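Using our numbering, read the sequence shown as starting at 625 and increasing by one per residue.
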Amino acid sequence: MNTSNKRLTRLPLVVLSTSLLLAPAIPEAATGTTPSPVAPSFFLSRALGAEVPALAVGPWKVLFDGKSTDAWRGFKKETFPGSWQVEDGTLVLAGKGGGDLITKDQYENYELELEWKIAEGGNSGILYNVVEGPQYGAVYHTGPEMQILDNERHPDAKAGKNGNRTAGSNYDLIPPSKPAKPANEWNKVRLVVNKGHVEHWLNGAKVVDYQLWSPEWEAMVKGSKFASMPDYGKAKKGHIALQDHGDKVWFRNIRIREL
């Protein structure tokens with residue numbers, strides 16, 4: 625074997641690793657944020673093709689276990705609305721006028737899992753990064769929504785643009801790539817919010833993927849029904865809400881873990 629050729633084949637890897645280690649950091653002024661220090665071993669591992677550990681995640685926290693509603697209260701209320709009830713291990717909106725539910729705690733980077741079922745002709749939603757305040761009359765004044773809908777019977781399914789108001793959508797902004805199960809059937813949700821990157825998962829498939837606060841996001845909001853709401857989608861941390869749209873809806877197996 626020619627040892628000089630062997631040295632030459634290794635040289636690009638050394639140069640690559642060295643250039644990554646010595647690359648200057650992006651100035652703070654260029655990003656608007658303070659860069660986080662990253663250990664050189666991270667870059668070296670990437671250059672050598674080694675596996676990079678996944679982000680650490682916290683333990684799962686149960687938000688509804690089929691019995692207790694202690695993790696929830698009404699929007700802009702201290703109490704739990706009476707129209708929301710626990711029936712057969714599910715959290716159900718059984719009457720009208722109870723208002724939206726929100727988590728007592730606020731979350732920033734997290735993964736949420738739950739299951740929902742909507743009545744025939746029904747409408748509801750899961751909203752996130754919801755902020756309370758005297759200037760906000762509803763959860764949708766600040767929080768983006770993962771739509772819950774009976775696509776077959778509710779007129780909202782044919783409103784909006786290209787299906788961006790159907791079940792699983794980022795409501796009035798981004799249509800889902802796959803349809804939900806019909807009314808009176810359980811749909812499984814996984815919602816990921818991590819440093820502004822949002823994923824809607826429905827029945828095991830990722831149906832929506834977008835970046836909050838990006839130029840594309842801002843353009844979508846300006847062309848939507850939320851254009852007149854100055855704080856819509858602005859918060860980086862907030863409550864999770866279950867919407868009272870006046871229609872019967874069921875939830876179960878609700879849990880969250882922070883990222």
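Cβ coordinates follow ideal geometry from the N, Cα and C atoms, glycine included. From a predicted model like this one, the values you see are computed outputs, not experimental measurements.
Check your understanding: Taking the beta strand (DSSP E) that alanine 829 falls in, what are its first and last residues?
Key -> 829-835
Check your understanding: Are the stretch 812-819 and the stretch 779-787 in contact at 8 Å, needing three or more beta carbon pairs?
Key -> no
Point to revise | Buried or exposed by the 16-neighbour rule on C-beta atoms within 10 Å, applied to glycine 768 | key: The sequence shown places proline at residue 768, not glycine. Flag for proline 768 reads buried.
Point to revise | Same chain, Cβ closer than 7 Å to tryptophan 837, five either side skipped, listed in chain order | key: Gly820
Check your understanding: For aspartate 729, does the count of other Cβ atoms within 10 angstroms reach 16, so buried, or fall short, so exposed?
Key -> exposed
Check your understanding: Cβ of valine 755 versus every heavy atom of the ligand MG: is any distance shorter than 7 Å?
Key -> This structure simply doesn't include the ligand MG, nor any ligand for that matter.
Review point. Between glutamine 867 and leucine 751, what straight-line distance do the alpha-carbon atoms span, to the nearest angstrom?
Key: Each residue's Cα considered, the two are about 7 Å apart.
Point to revise | serine 848 to valine 831 span [Cα, whole Å] | key: 20 Å
Check your understanding: Which residue spans inside the stretch 696-727 form an unbroken beta strand (DSSP E) run of at least 3?
Key -> 696-698, 708-711, 714-717 and 725-727
Exercise for review: Using the Cα positions of leucine 738 and aspartate 689, report the straight-line distance between them to the nearest angstrom.
Suggested key: Taking the Cα positions, leucine 738 is about 11 Å away from aspartate 689.
Point to revise | serine 692 burial status per 10 Å Cβ neighbour count (16 or more: buried) | key: exposed
Review point. Helix, strand or coil: how does DSSP classify tyrosine 734 here?
Key: strand
Exercise for review: Go to glutamate 882, then tell me how far its beta strand (DSSP E) extends in each direction, as first and last residue.
Suggested key: 873-882
Check your understanding: If you follow the alpha helix (DSSP H) that tryptophan 841 is part of, which residue opens it and which one closes it?
Key -> 839-846
**Study point:** Under 8 Å between C-beta atoms of methionine 844 and histidine 765
**Key:** no
Review point. In the DSSP assignment, what residue or residues form a beta bridge with lysine 685?
Key: Ile880
Check your understanding: Should glycine 842 be labelled buried (16 or more other beta-carbon atoms within 10 Å of its own) or exposed?
Key -> Note that residue 842 is glutamate in the sequence shown here, rather than glycine. Exposed, since its Cβ has fewer than 16 Cβ neighbours within 10 Å.
Review point. Is the distance from the Cβ of lysine 748 to the Cβ of valine 873 below 8 Å?
Key: The sequence shown places serine at residue 748, not lysine. The answer is yes: Cβ separation under 8 Å.
Review point. Roughly how many whole angstroms lie between the Cα atoms of glutamate 756 and glutamate 776?
Key: Approximately 33 Å, taken between the alpha carbons.
Review point. Buried or exposed: where does threonine 703 fall if 16 or more other Cβ atoms within 10 Å of its Cβ makes it buried?
Key: exposed
Review point. Using the C-alpha atoms, what's the distance from glycine 862 back to threonine 727?
Key: 9 Å
**Study point:** Integer-rounded CB distance, given that leucine 773 should sit under 8 Å from lysine 800
**Key:** A small fix is needed here, since residue 800 is proline in this sequence, not lysine. About 10 Å; that fails the 8 Å criterion.
Exercise for review: Quick one: give me the first and last residue of the beta strand (DSSP E) that isoleucine 864 is part of.
Suggested key: 863-866
Exercise for review: Check whether the Cβ atoms of alanine 718 and asparagine 808 lie closer than 8 Å to each other.
Suggested key: no
**Study point:** glycine 870 (DSSP reduced to helix, strand or coil)
**Key:** Looking at glycine 870 - three-state DSSP - the assignment turns out to be coil, as it is neither helix nor strand.
Exercise for review: Name the residue from Asp724, Val710 and His869 whose alpha carbon lies nearest to the alpha carbon of lysine 700.
Suggested key: Asp724
Exercise for review: Output the boundary residues of the beta strand (DSSP E) element that contains arginine 814.
Suggested key: 811-818
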